[in-house]
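The structure appears below as structure tokens.
Number of protein chains: 2
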Amino acid sequence: MKPKKRITIYDIAEKLNITASSVSRALNNSNHVNEATKNLVLKTAAELNYKRNLLASNLRMGKTKTIGVVVPRINQNFFSNVIAGIEDATYQKGYNLIICQSNESHSKEVKCVNTLMNQHVDCIVISVSVESDDHTHLANVIEQGIQLIQFDRVAEELETLKVINDNETASMEAVVHLIQQGYKRIALLEGPQNLSIFKQRKTGYLNALKKYNIPINNELIIENAWTKELGAAATRKLLSLPQPPDAIFASTSDFSALGVLDVAHDMDIKVPSQLGILGYSNEAFTEITTPSITTIDQFSVHMGKTIANLYFEEMENKEVAVTPKVISIKPQLIIRSSTLKNK
Amino acid sequence: MKPKKRITIYDIAEKLNITASSVSRALNNSNHVNEATKNLVLKTAAELNYKRNLLASNLRMGKTKTIGVVVPRINQNFFSNVIAGIEDATYQKGYNLIICQSNESHSKEVKCVNTLMNQHVDCIVISVSVESDDHTHLANVIEQGIQLIQFDRVAEELETLKVINDNETASMEAVVHLIQQGYKRIALLEGPQNLSIFKQRKTGYLNALKKYNIPINNELIIENAWTKELGAAATRKLLSLPQPPDAIFASTSDFSALGVLDVAHDMDIKVPSQLGILGYSNEAFTEITTPSITTIDQFSVHMGKTIANLYFEEMENKEVAVTPKVISIKPQLIIRSSTLKNK
DNA sequence: TTTGAAAACGCAATCGATTGCCATGATTTA
DNA sequence: TAAATCATGGCAATCGATTGCGTTTTCAAA
Chain A
1 MKPKKRITIY DIAEKLNITA SSVSRALNNS NHVNEATKNL VLKTAAELNY KRNLLASNLR
61 MGKTKTIGVV VPRINQNFFS NVIAGIEDAT YQKGYNLIIC QSNESHSKEV KCVNTLMNQH
121 VDCIVISVSV ESDDHTHLAN VIEQGIQLIQ FDRVAEELET LKVINDNETA SMEAVVHLIQ
181 QGYKRIALLE GPQNLSIFKQ RKTGYLNALK KYNIPINNEL IIENAWTKEL GAAATRKLLS
241 LPQPPDAIFA STSDFSALGV LDVAHDMDIK VPSQLGILGY SNEAFTEITT PSITTIDQFS
301 VHMGKTIANL YFEEMENKEV AVTPKVISIK PQLIIRSSTL KNK
Chain B
1001 MKPKKRITIY DIAEKLNITA SSVSRALNNS NHVNEATKNL VLKTAAELNY KRNLLASNLR
1061 MGKTKTIGVV VPRINQNFFS NVIAGIEDAT YQKGYNLIIC QSNESHSKEV KCVNTLMNQH
1121 VDCIVISVSV ESDDHTHLAN VIEQGIQLIQ FDRVAEELET LKVINDNETA SMEAVVHLIQ
1181 QGYKRIALLE GPQNLSIFKQ RKTGYLNALK KYNIPINNEL IIENAWTKEL GAAATRKLLS
1241 LPQPPDAIFA STSDFSALGV LDVAHDMDIK VPSQLGILGY SNEAFTEITT PSITTIDQFS
1301 VHMGKTIANL YFEEMENKEV AVTPKVISIK PQLIIRSSTL KNK
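Residue numbers (our numbering), protein chains in the order written: chain A, 1 to 343; chain B, 1001 to 1343.
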């Protein structure tokens, strides 16, 4: 559209017969302008419907009050909640959010990060994609002097601020819960092990078994079962074993757990009496299934707020690189029907 | 952090002993530079890890290749899907997205819109909040020469591009489906009538009844039942009537329908034989409940893509205001167990 | 060898806002 | 009354990239 001449500080200056300098000072509430002129400027600015050109301002100031967020998928419950949390906290400070999704693709992730750097965002918040093994693009961010916060899925070797869940403990507690409910052969559906979150969840599982002296059975550990379909397939495989499991911990996601439940229904296997099911993420639907699914809540909105606050406390207007720091949020086991064997 | 001197075209120019003009032209692939120097510039730019400063470029060019999106809630399925669709389509064209949530508050919506205008986004895409009755802020957008696209919840009196669902037809088809299943007393849970989408859904309901000569009974129409809790409360009220309904169309959302289902479970009312339930939106969970819930799919991701394409076809680089236009996407009735009375 | 046109590139202004430095006039202090 | 201090506000440079216009260089045609 015609970019219709917008009102600038020069227009205001001209109208009041002063210079743009004074207008700028007045608008920025500097104390180097007369109170009277300040009011006059504010009044005319309002009258003319003046809007500060942030492009010009940001160029001059070297900061944009903008935070870039890169997530694998915007429309995945966990991520959209984190984003909502970030938005909520940053909005109050007058910051804007630019949001990109990597679609779990490494190359798109790199492009997103580059775009955000071009945009001169003050900080990049990222949860890396599954494909990501190479993290030079993130190292690049730091090198360019842009703040970086990683969350949930993090590149561990990079020394940055990180906000994560205590996956290991949560996972361990979950498995302990299963053991205490009397389940003996507990299977694990695990996610891509190049992502630390999935590695940690596996460690938690192993630790729980160790603690209770339960032998580890590799037959019961299925790799890469992190969608509903893969979860279902894994379940079919598991249940056809000579000695099938009596509980399945879908450590990857609730979607995977849902796949498990579907197969159990199909095969007429009773949940939780014959098979216990435990998911991860506390997706809304886990409360609604029959039976409802025991899962782990990650406090996603809170996580978003934590990320934002971390930026404001540690990074905003800081001249030096921040000291790396990891904030770990302890997830909570939400016990529902799908694991209550001895109720 | 220290804004660590970034490489500019001047640095490249200096290194090659040419002027910034030539560098700029080379980087923009202008044909007013020697092929040799062009290659030289590109090579050194890569070596020095040059990144164009979009702030400066945008300021000069007067456009930002950025689209602002305002939705009531980022983490609501429908909206996050629409956003994902928009992102997908705009990303390919090198555009960025700035996303805000109004939290259903009019004042925050106004602030969001103002921020986006300050940011000089090329286009604002909005779905208005429930509270919105006053639309001067949107009129303002147009007046400032910024493109505006409304979707889903639209201010009808404003002449803009609009992408909506054909709520009326969808709603009518849904009710017809109920009638054909043999339901006689069909109740309606309606949303705030200041939003046209809810008005249209009501009209669809009324039209269906009219078509089949079913008397309209105001007792069976409950206002403002658009959350799970309100849906549950409305259901309790409806089911305690002397002549309770035998079907409930939760035209506001699937959440509302879920509330209905909960109450039915509590009161030991059989779904679908004693009570039919029909929702709206095709939230993921509707497939999972017992029984699964009949609902209406809005093709949300597709809607997002449509919005983006509309921008590129009708608005990008256009000098004149676009002629208003409404694109209506026909939602689809997804028939599931909760309404299959005579199966 | 001269002329002309095209190719290549430099100069300087521009997009708006910000800010250090300086000038003016007013007010205060000696 | 003179000198010092302070409050205001103007001037001009700056942030990087872009581009119209003008100048220089190159090369071919006359």
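Just so you know, even glycine gets a beta-carbon here, dropped at the ideal spot from N, CA and C.
Applying the 10 Å Cβ sphere with the 16-neighbour rule, what's the burial state of residue i?
i	result
Val1326(B)	exposed
Gln1119(B)	buried
Tyr183(A)	buried
Arg1060(B)	exposed
Glu168(A)	buried
Ser129(A)	buried
Ser328(A)	exposed
Ala264(A)	buried
Ser1132(B)	buried
Using beta carbons (cut-off 8 Å, strictly below), is residue i in contact with chain B?
i	result
Gln181(A)	no
Glu35(A)	no
Leu258(A)	yes
Asn96(A)	yes
Leu55(A)	yes
Thr115(A)	yes
Thr351(A)	The question about residue 351(A) has no answer, for chain A in this structure spans 1 to 343.
Lys51(A)	yes
Asn75(A)	yes
Phe198(A)	no
Arg336(A)	no
For residue i and residue j, what's the separation of their Cα atoms in angstroms?
i	j	result
Ala232(A)	Ile186(A)	16 Å
Gln1181(B)	Thr1339(B)	7 Å
Ile1221(B)	Val1082(B)	30 Å
Thr289(A)	Thr1290(B)	7 Å
Glu156(A)	Gly145(A)	20 Å
Ile1248(B)	Leu1275(B)	7 Å
Ala1020(B)	Leu1055(B)	17 Å
Leu1238(B)	Pro1245(B)	7 Å
Ile197(A)	Ala170(A)	11 Å
Gln345(A)	Glu1229(B)	Only positions 1 to 343 of chain A appear in this structure, which leaves residue 345(A) out of reach.
Ile9(A)	His302(A)	40 Å
Pro72(A)	Gln101(A)	5 Å
Glu323(A)	Met315(A)	For the sequence presented, residue 323(A) should be read as Thr rather than Glu. Roughly 10 Å separates the two Cα atoms.
Thr306(A)	Arg52(A)	30 Å
Thr1295(B)	Leu1189(B)	14 Å
Ala46(A)	Asn39(A)	11 Å
Ile179(A)	Ser337(A)	15 Å
Can you tell me which of the options puts its alpha carbon nearest to the alpha carbon of residue i?
i	options	result
Asp1166(B)	Gln1180(B), Phe1151(B) and Thr1286(B)	Phe1151(B)
Glu1104(B)	Ile1098(B), Glu1157(B), Ala1084(B) and Gln1076(B)	Gln1076(B)
Thr1064(B)	Leu1116(B), Cys1112(B), Ala1013(B) and Glu1229(B)	Leu1116(B)
Ser1253(B)	Leu1138(B), Leu1275(B) and Phe1285(B)	Phe1285(B)
Ala1048(B)	Ala1036(B), Leu1016(B), Glu1035(B) and His1032(B)	Sequence check: residue 1048(B) is Leu here, not Ala. Comparing Cα-Cα distances from Leu1048(B) to each of Ala1036(B), Leu1016(B), Glu1035(B) and His1032(B), the minimum goes to Leu1016(B).
Trp1226(B)	Val1260(B), Glu1219(B), Asp1268(B) and Ile1067(B)	Val1260(B)
Ser107(A)	Val263(A), His137(A) and Gly62(A)	His137(A)
Asn1058(B)	Asn1096(B), Asp1246(B) and Ser1102(B)	Asn1096(B)
Asn218(A)	Arg52(A), Tyr205(A) and Lys228(A)	Tyr205(A)
Ser1127(B)	Gly1094(B), Ile1074(B), Asp1088(B) and Asn1342(B)	Ile1074(B)
Leu266(A)	Thr235(A), Glu287(A) and Gln243(A)	A small fix is needed here, since residue 266(A) is Asp in this sequence, not Leu. With distances taken between Cα atoms, Asp266(A) lies closest to Thr235(A).
Gln1332(B)	Leu1278(B), Lys1318(B) and Phe1079(B)	Leu1278(B)
Lys330(A)	Gly85(A), Lys93(A), Ile164(A) and Thr90(A)	Ile164(A)
Going by DSSP, name the residue or residues bridged to residue i.
i	result
Gly62(A)	Answer is none; Gly62(A) lacks a bridge partner.
Lys1325(B)	Leu1161(B)
Leu333(A)	Ile296(A)
Gln147(A)	Cys123(A)
Ala1247(B)	Ile1186(B) and Gly1276(B)
Gly1259(B)	In the DSSP output, where bridge partners are listed per residue, Gly1259(B) has none listed.
Ser1281(B)	Asp1297(B)
Any beta carbon from chain A within less than 8 Å of residue i's own beta carbon?
i	result
Ala1084(B)	yes
Leu1059(B)	yes
Met1267(B)	no
Ser1080(B)	yes
Ile1277(B)	no
His1344(B)	With chain B represented from 1001 up to 1343, any question about residue 1344(B) goes unanswered, as that position is not in the structure.
Gln1101(B)	yes
Arg1236(B)	no
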